[in-house]
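Numbering (mature numbering (1 follows the signal peptide of the UniProt record, and there is no 0)), first residue to last: -23 to -1, 1 to 238.
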């Protein structure tokens, strides 16, 4: 089994920003296995929500993680310490793949990927500065944490065409919202497992579901009939839990949220 060892202090990739720039993208941070930067699509007129993307360019043979990486790993995170007029942010995720390495299983991406980010602003017309860092892991036989710092001034109408195109492409590749015809209909607990009843476009094709919860951890869900079953590995309390999921069948995918009673 390939050993995935995090090389911490010596292998951090960090770029320091001298001051807020007017560009719509930060410089690439290069590390063993790839490079990372933040893109912003600045609208012509002020808006309450600013769209961006984390661009992760991976070298051949390297991978990076989904929002819940599984047995081991570092999910992408964004820290906005130093920003002004930014209320909160959220990283969104295209449908991942599941990887098996010996006894380890995890969810992520084996090709370069754009992760959409939304920034909710406090005020529409106030001066805005997006400053902070992105933290994530890239893996081959070893795993390396990458920290990419950014410091961008948001000036309406200054978005460059390439950043705008890449950000739009990132959002276009997101899963569709789950629906009654394609999604998880309900969830329940049974004998230490979480069971998810699903509705699929076709009952002939195999499907996969990826689960993420801040309070619970699951084994790889097994598909049988019209449901998935996953052993609850951590957080098996009697309190209801919110589960975010991505459901994939063929070349289609949807994302949604279900409550586990």
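Yeah, the Cβ is synthetic: ideal placement off N, Cα and C, and Gly gets one too.
Quick one: is residue i buried, meaning 16 or more other Cβ sit within 10 Å of its Cβ, or exposed?
i           : result
residue 110 : buried
residue -2  : Low per-residue confidence applies at residue -2: pLDDT is 45, beneath 50, and the placement is therefore not dependable, though the value from the model is reported in the following sentence. The residue is exposed, with fewer than 16 neighbouring Cβ atoms inside 10 Å.
residue 32  : buried
residue 203 : exposed
residue 237 : buried
residue 126 : buried
residue 105 : buried
In whole angstroms, what is the alpha-carbon distance linking residue i and residue j?
i           : j           : result
residue 29  : residue 15  : 7 angstroms
residue 60  : residue 182 : 46 angstroms
residue 167 : residue 145 : 42 angstroms
residue 227 : residue 72  : 11 angstroms
residue 229 : residue 152 : 8 angstroms
residue 26  : residue 147 : 16 angstroms
residue 235 : residue 139 : 36 angstroms
residue 23  : residue 64  : 15 angstroms
Who are the near neighbours of residue i in its chain, counting only those whose CB is closer than 6 angstroms to its CB and skipping five residues on each side?
i           : result
residue 67  : 95
residue 199 : 206
residue 39  : 10, 11, 115, 117
residue 56  : 109, 110
Since I believe residue j is in contact with residue i (beta carbons under 8 angstroms), could you give me their beta-carbon distance rounded to a whole number of angstroms?
i           : j           : result
residue 154 : residue 232 : 7 angstroms
Taking 8 angstroms as the CB-CB limit, is residue i close to chain D?
i          : result
residue 45 : In the displayed structure, chain D is absent; only one protein chain is listed.
For residue i, which residues of its own chain have a beta-carbon under 8 angstroms away from its beta-carbon, when the five flanking residues on both sides are left out?
i           : result
residue 212 : 190, 192, 193, 194, 218
residue 41  : 11, 33, 35, 53, 85, 86, 90, 113, 114, 115, 116
residue 169 : 208, 209, 213
So, for residue i: in the same chain, excluding its five sequence neighbours on each side, which residues have a beta-carbon less than 7 angstroms away from its beta-carbon?
i           : result
residue 171 : 164, 195, 207, 209, 237
residue 12  : 5, 6, 34
- Task: Determine contact between the region 14 to 28 and the region 128 to 144, defined as no fewer than three beta-carbon pairs at a distance below 8 angstroms.
- Result: Yes, the region 14 to 28 touches the region 128 to 144.
- the region 108 to 125 in contact with the region 170 to 188 per 3-pair CB rule at 8 angstroms: no
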